Structure formats: C-alpha cells, structure tokens
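Peer 1: My questions all concern the structure below.
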Amino acid sequence: MTPAQRRRQIERWSPIIAAAGMLLLWQLVCSVFSIADYIFPSPWQIGLAMAEFFRPIMEAAWKTFWVTMVGFGLSIVVGVLLGFLIGSSRLMYAALYPLLVAFNAVPKAAIVPILIVWFGIGVGPGILTAFLISFFPITVNIATGLATLEPELEDVLRVLGAKRWDVLVKVGLPRSMPYFYGSLKIAITLAFVGTVLAEMTAGDSGIGYLMQTAGSQQRLPLAFAGLVVIGVMAMAMYELFSYIEKHTTAWAHRGSQGE
Amino acid sequence: MAAQKDVAASGGDVFVQFNDVWLAYNEELLAANHFAVEAIDLQVRQGEFIAIVGPSGCGKSTFMKLTTGLRMPSMGKITIDGQPVTGPLKISGMAFQAPSLLPWRTTVDNVLLPLEIVEPHRSQFKSRRAEYVERARKLLQKVGLGGYEDKFPWQLSGGMQQRASICRALIHEPKMLLLDEPFGALDAFTREELWCILRDLWTEQRFNVILVTHDLRESVFLADTVYVMSKSPGRFVVRREIDLPRPRDLEITYTSQFTDIVHELRGHIGAMRKAGAEVAQ
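In the order they appear, the protein sequences are chains D and V. Numbering-wise (numbering that gives the first Met the number 0), the first sequence opens with residue 0 and increments by one. Numbering-wise (numbering that gives the first Met the number 0), the second sequence opens with residue 0 and increments by one.
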C-alpha cells in the first residue's frame, strides 16, 4: 500500500474510529467511576434499554419520523414558494424579509403552547413546529440563489426578448438548486428538533414523549436511547439529502478535493 | 439630414444612427443636467466594425445599453437598421468580459441558450433541435472548440470560455455584435489569438461589430473606425478611420503605420486625462 492509499483508507474509516473511541471513553468513565445509570448511563446500559424496549421505541420513532416528514414537506413547499417570491421581486424582498427574520428569531419553544391551544394535544403541534422551525433556511437559500444573478447574463438574455419568467426558469432556478439542497440538509435536522420539542411539551406519543416520560421516571438509559434514535434518524436523512445534492448538482461541487 | 447625406455620399448604407443622443440614468440626474453620455452623434455603415475606447467609467457600457435598446435615451433619437429603437433589439448579440456561462450546461447547450429564448427559434426549438445543435457545433469548431462541445464550462480555460461566450452571442445570427471588453481578462497571447478569431468570424459573416475596449492596439487592429470617448460627461471626442489594408495579420501590429495610429490615439486620451486633471484642480 502506498502512503497515499493508506491515508485514504484511514480517512474513510476515521468517522467510525472516532465514534468507537468516544463510546469506549464514555463506557470507561462510567465503569471506572461507577456512575449510577439514573444519573449518566453508559453506552452498554443504553444498548440494553434499547433492546428491552425495542418495540415501543420503534413505534415512537416511526411516529416522530412521519410527523417530521409531513412538517418538512410543508416547509419545502412553503419555503420554496416564499423564497421564489422574495428572490424574484425586490419589492417583496423589501416588504417580507424583515418580517421573516423577526419570525425566525422567535424561540419556537414559546410557540408550542399557543399551538396546543389552537390544535390540542396530538400530531398538529408536532407537524406545525417542525414546519415553522425549518422553512426559513430553505426560503433564504432559494432567495439568495435567485437574487445573485450576474447582471451581464441578464442583459444577454433580455436583449433577446427574454421575460422575467424566462430568466428565472432558465437561469435563476437551476442556479439556486445547490443552495436549495444545501438548505434541505439543515432544514431536515431542524425539523426533527421541532417535532421532538412539540412532543416533549404536548405529545401523547413519539420519541419526545418517550424521553419526557422516561426522564420523569429517572429511567435515563431509556431517555438516552431516545436521543440516540433521533440522532440516527436525523443523520440518515442528512446523508440522504447530501447524496441527492451531490448527484443532482454535481456542477456546483467540482474542485480539487474529490480527485 | 446633412449627416445622412454624408454617409450616403460615402457609399454605405447606414445601419446604426445616433442623432444627438443624451442619457441620464434617472429623473433626478436629468433634472440636475447630469448625463452619463451626451451629444452622441454617430453613423455606422452596414457591416462596419467600430471600436470605442476611453478611460474606464466613461459611459462605454451605457452606450452599449443604448444601442441594444436595453435603455432608452433621455433625449435624441437612435435608429438601427432603418427602425427607431423602442425596446430590446433581438438582432443583437452581446458578450462581456466575464464569459458568464451556465455551469450546469455543457458548452454546446450554453451556446444554444439564446435559441431557446429568441423568436422565431424559440417556438421551433423542439422540432428543429438537431439542426440547431449542428449549427452550434459548427460554430464552436470554427472558433477552435472542436472536441470541447460536450465539456462543461468549468472544464475549459478562460480563453476557451470566452470563445464559447462569443459563440453564444452569434448563434442566432445577429446583425450586430456588441462586445464589452471581451478580452480584458485574458493573457496577452490568448487575447491576440481571439482577435484573429473575431476577425475571421467578422470577415466571413460581416455583421456589425461594436467593440468597447480600453486596449488601443486591439481597437486599431480590429476596427474600421475607432471612436475615443471622454469621461464624465461621456461623449465622443475623436473619430479615427483606420485605413490599414485588410485582411490584417498580427504582423501588422509591429509596423510603424500601426504604432503611429496607436500613438495618435494614445495622445488624444492623454490630452483628455490632463485636461480632466486640470479641471479637477
């Protein structure tokens, strides 16, 4: 093996090595200082809890997953439309952008109780919180992609009789695609945060509810198991969008690193 | 009227005609009598290659916007190809210093872009696509991009991208090609290479060219007539016919006749800058 090949091998395995190292250290700390599992459970204890409560955890995970995906779907639709609106019109940008920023700055945890008053306990607040927390990055990224068009290119097309719509469809939208996929990666992780937040405050099921219940009964291994499941789901979705991004907008990811 | 008679006397048909054209960018500037270009009078013959030189910020790009109909003059009248200009002129093709090719399209698809927009090609694009692709490939081969048609712009060098950009400006067979410092970002050798490519394209197709540049050698080598523009207010101060014989070869740029003209133009610009400095003081 040449040194370059070896380096590449190490690079490929490095995330797994790092994760394993962290787990090992964690286990070691818990074992050596014999920390009680209701204070800080070790990875082994979390694993045991996961095996013991496999079915309820999977049911909760599925619930959280689909609630998140519905909210995320909503935020793609609304986020893209809003982004298109403010990215293609200066007036709309001036009018709506400050509002959006203000809205985004509102802590979503503060909105959940209001949503409960409106929609009651159940999936409603979960879907809406996931949506509210995740549409902003999509909107901003679509708008940025549309607004950063080279004026020269616009002249080239306008002189040929191109209408605003032509320029948007032929140039603006394809241009904003890398921004869009980039924002999806961020938005999906935020959406999971939103769902869990709503479930913890007002849920009757889902991972957030499971963690809340387990925590209040001091069954921390189970609560940690919930955390792990959420982390895995969010990471899997992130990787999925990362993959889609790479394979649909390869032109934006050229460079020396991939060679 | 007198001007028209002059051109008629000189034998060519007038293609571009500016009659005392003034442009202020907005109402306030107009009220303040602050013009980006003023008192532009110009007659360009059919198929003539003109170059406009001047210091940066002298309104050369404004002039281009007027000629393409992207901007309407505040005062005066512009007639192109016998028609008064009332809006964007699709008989023109444009290329700029930045090639601004779309990175998600291959070179040939980039060149095809104007045909997807301009009528009558737009409505025929689907049915005549094969023919259009053939036309784009031929044009690319002509400028030395054979074999690169299906590459993406970011796989091409700067000079190659600029060639593709010029092809994009020419694909719909415009009567008028407008170039805004198209070779400004290229190294000296590539630039001279592209001069020759532009010369050959023009010799073959005889469209009108309006080349905006600050490279005097470039303007003298390529153009029939060079206009020197002054800075704020932007107006034409010198008109110089370049009577060097055609076809011109790069060798000509080393002759004394050539360098004399360049010197002369350089003198005008130098005098203008000096005058400007004195006014400023």
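No residue lacks a Cβ here, since even glycine has one placed at the ideal position from N, Cα and C. Only a predicted model underlies this, so the values are computations on that prediction, with no experimental measurement involved.
For ILE79/V, which beta-bridge partners are listed by DSSP?
Peer 2: Residue numbering aside, residue 79/V sits at position 80 when the second sequence is read from its first letter. Answer is VAL15/V and GLN82/V.
Peer 1: Considering only their Cβ atoms, is the gap separating VAL43/V from ASN207/V smaller than 8 Å?
Peer 2: Reading the second sequence from its first residue, position 208 is the one you call residue 207/V. Reading the second sequence from its first residue, position 44 is the one you call residue 43/V. Yes, they are a contact pair.
Peer 1: Using a Cβ-Cβ cutoff of 7 Å, what residues of the segment 183 to 204 of chain D are near chain V? List them in chain order.
Peer 2: Of all residues in the segment 183 to 204 of chain D, none has a Cβ within less than 7 Å of some Cβ in chain V.
Peer 1: For TYR180/D, list the residues DSSP reports as bridge partners.
Peer 2: The count along the first sequence starts at 1 and reaches residue 180/D at position 181. Paired residue(s): none; TYR180/D is not in a bridge.
Peer 1: I'd like to know whether the C-beta of ARG157/D is nearer than 8 Å to at least one C-beta of chain V.
Peer 2: Reading the first sequence from its first residue, position 158 is the one you call residue 157/D. Chain V, which has a Cβ nearer than 8 Å to the Cβ of ARG157/D, makes this yes.
Peer 1: Is any beta-carbon of chain D found at less than 8 Å from that of SER122/V?
Peer 2: If you number the second sequence from 1, residue 122/V lands on position 123. Answer no: the Cβ-Cβ gap between SER122/V and chain D never drops below 8 Å.
Peer 1: Against chain D, which members of the segment 101 to 127 of chain V pass a CB distance test of less than 8 Å?
Peer 2: The residues in question are LEU101, PRO102, TRP103, LEU112, PRO113, GLU115, ILE116, VAL117 and GLU118.
Peer 1: Compute the Euclidean distance between the alpha carbons of THR85/V and GLY75/V, then round it to the nearest angstrom.
Peer 2: On the second sequence, position 86 is the one that residue 85/V refers to. On the second sequence, position 76 is the one that residue 75/V refers to. Straight-line Cα distance between these residues: approximately 13 Å.
Peer 1: State yes or no: is the beta carbon of VAL79/D nearer than 8 Å to at least one beta carbon in chain C?
Peer 2: The question asks about chain C, but that chain is absent: this structure's protein chains are D and V.
Peer 1: Quick one: which chain V residues come within Cβ less than 7 Å of VAL170/D?
Peer 2: On the first sequence, residue 170/D is found 171 positions in, with the first residue counted as 1. Chain V residues near VAL170/D: LEU101.
Peer 1: If we ignore side chains and look at the alpha-carbon of each, how far apart do ASP36/D and PRO42/D end up?
Peer 2: Translated into positions along the first sequence, residue 36/D becomes position 37. Translated into positions along the first sequence, residue 42/D becomes position 43. Distance between the alpha carbons of ASP36/D and PRO42/D is about 10 Å.
Peer 1: What three-state label does DSSP hand GLY53/V in the structure shown?
Peer 2: The residue given as residue 53/V occupies position 54 in the second sequence. The answer is coil: DSSP assigns GLY53/V none of H, G, I, E or B.
Peer 1: Using a Cβ-Cβ cutoff of 9 Å, what residues of the segment 33 to 66 of chain D are near chain V? List them in chain order.
Peer 2: Per Cβ criterion, the list is empty.
Peer 1: Using only the alpha-carbon positions, how far apart do THR78/V and ARG134/V sit?
Peer 2: One-based indexing of the second sequence puts residue 78/V at position 79. One-based indexing of the second sequence puts residue 134/V at position 135. Going by the C-alpha atoms only, they are around 30 Å apart.
Peer 1: Classify ARG238/V as helix, strand or coil using the three-state DSSP reduction.
Peer 2: The residue you call residue 238/V lines up with position 239 of the second sequence. Here ARG238/V sits in strand by DSSP.
Peer 1: Taking 8 Å as the threshold (beta carbon to beta carbon), is TRP250/D in contact with chain V?
Peer 2: Here residue 250/D is taken as the residue at index 251 of the first sequence, counted from 1. Yes, contact with chain V.
Peer 1: Give me the chain V residues within the contact set of ALA161/D, using Cβ-Cβ distance strictly less than 7 Å, ordered along the chain.
Peer 2: Taking the first residue of the first sequence as position 1, residue 161/D is located at position 162. Here the neighbours are ILE116.
Peer 1: What separation, rounded to the nearest whole angstrom, lies between the Cα atoms of PRO259/D and ARG167/V?
Peer 2: With chain D running from 0 to 258 in the structure shown, residue 259/D is simply not present.
Peer 1: For the alpha helix (DSSP H) containing THR212/V, list its first residue and its last residue.
Peer 2: Along the second sequence, one-based indexing puts residue 212/V at 213. Per DSSP, THR212/V belongs to no alpha helix (DSSP H); it is in the beta strand (DSSP E), 207 to 212.
Peer 1: SER229/V versus chain D: which residues are under 9 Å apart at the beta carbon?
Peer 2: Residue 229/V sits at position 230 when you count from the first residue of the second sequence. What SER229/V touches in chain D: nothing, since even the nearest Cβ is about 24 Å away.
Peer 1: Taking only beta-carbon atoms, is GLU244/D less than 8 Å away from chain V?
Peer 2: Numbered from 1 along the first sequence, position 245 holds the residue referred to as residue 244/D. With 8 Å as the cut-off, GLU244/D does not count as an interface residue toward chain V.
Peer 1: List the residues of chain D whose Cβ lies closer than 8 Å to the Cβ of PRO87/V, in chain order.
Peer 2: In the second sequence, residue 87/V corresponds to position 88, counting from 1. Here the neighbours are ARG157, VAL158, LEU159 and GLY160.
Peer 1: Based on the DSSP output, what are the partners of GLY92/V in its beta bridges?
Peer 2: Numbered from its first residue, the second sequence carries residue 92/V at position 93. Paired residues: LEU176/V.
Peer 1: Beta-carbon of LEU90/D versus every beta-carbon of chain V: anything under 8 Å?
Peer 2: Walking along the first sequence from the start, residue 90/D turns up at place 91. So no, LEU90/D is outside the interface.
Peer 1: Quick one: using the 10 Å Cβ neighbour count with 16 as the cut-off for buried, is ARG174/D buried or exposed?
Peer 2: Position 175 of the first sequence, counting from 1, holds the residue named residue 174/D. Its Cβ being crowded by 16 or more others within 10 Å, ARG174/D is buried.
Peer 1: Is it true that the segment 93 to 100 of chain V meets the segment 150 to 167 of chain V, where meeting means three or more beta-carbon pairs spaced less than 8 Å apart?
Peer 2: Touching, yes.
Peer 1: Just curious, the beta strand (DSSP E) that ASP223/V is in, first and last residue?
Peer 2: Start at 1 with the first residue of the second sequence, and residue 223/V comes out as number 224. Where ASP223/V is concerned, there is no enclosing beta strand (DSSP E), given that its DSSP letter is neither H nor E.
Peer 1: Look at the alpha carbon of VAL20/V and the alpha carbon of ALA38/V, and state the distance between them as a whole number of angstroms.
Peer 2: Against the second sequence, residue 20/V aligns to sequence position 21. Against the second sequence, residue 38/V aligns to sequence position 39. In a straight line, the C-alpha of VAL20/V is about 5 Å away from that of ALA38/V.
Peer 1: Within the continuous beta strand (DSSP E) that includes ASP40/V, where are the two ends?
Peer 2: Translated into the one-based positions of the second sequence, residue 40/V becomes position 41. Looking at the DSSP string, the run of the beta strand (DSSP E) that includes ASP40/V is 36 to 44.
Peer 1: Compare the C-beta of LEU167/D with all C-beta atoms of chain V and state if any pair is closer than 8 Å.
Peer 2: Locating residue 167/D in the first sequence gives position 168, where the first residue counts as 1. No, because no Cβ of chain V sits closer than 8 Å to the Cβ of LEU167/D.
Peer 1: For LEU145/D, decide whether its Cβ has a neighbour in chain V, counting only Cβ atoms nearer than 8 Å.
Peer 2: Numbered from 1 along the first sequence, position 146 holds the residue referred to as residue 145/D. Chain V contact via Cβ: absent.
Peer 1: Roughly how many whole angstroms lie between the Cα atoms of ALA7/V and GLN45/V?
Peer 2: Here residue 7/V refers to the residue found at position 8 when the second sequence is read from its first residue. Here residue 45/V refers to the residue found at position 46 when the second sequence is read from its first residue. With a pLDDT of 42 at ALA7/V, under the threshold of 50, the modelled position of this residue cannot be trusted, and the question is left open.
Peer 1: Go ahead and label ARG6/D buried or exposed: buried means 16 or more other beta carbons lie within 10 angstroms of its beta carbon, across all protein chains shown.
Peer 2: Stepping through the first sequence from its first residue, residue 6/D is reached at position 7. Result: exposed.
Peer 1: Keeping to the same chain, check which residues put their C-beta closer than 7 Å to that of VAL100/D; ignore five residues upstream and five downstream.
Peer 2: The count along the first sequence starts at 1 and reaches residue 100/D at position 101. The answer is none, since no qualifying residue turns up.
Peer 1: How far does the alpha helix (DSSP H) with LEU193/V in it reach, from first residue to last?
Peer 2: Locating residue 193/V in the second sequence gives position 194, counting from the first residue. It spans 187 to 204 - the alpha helix (DSSP H) in which LEU193/V sits, taken as one unbroken run.
Peer 1: Name the two residues that bound the continuous alpha helix (DSSP H) containing ILE120/D.
Peer 2: Sequence index remark: in the first sequence, residue 120/D carries index 121 (1-based). It is not in any alpha helix (DSSP H) - ILE120/D carries neither H nor E in the DSSP assignment.
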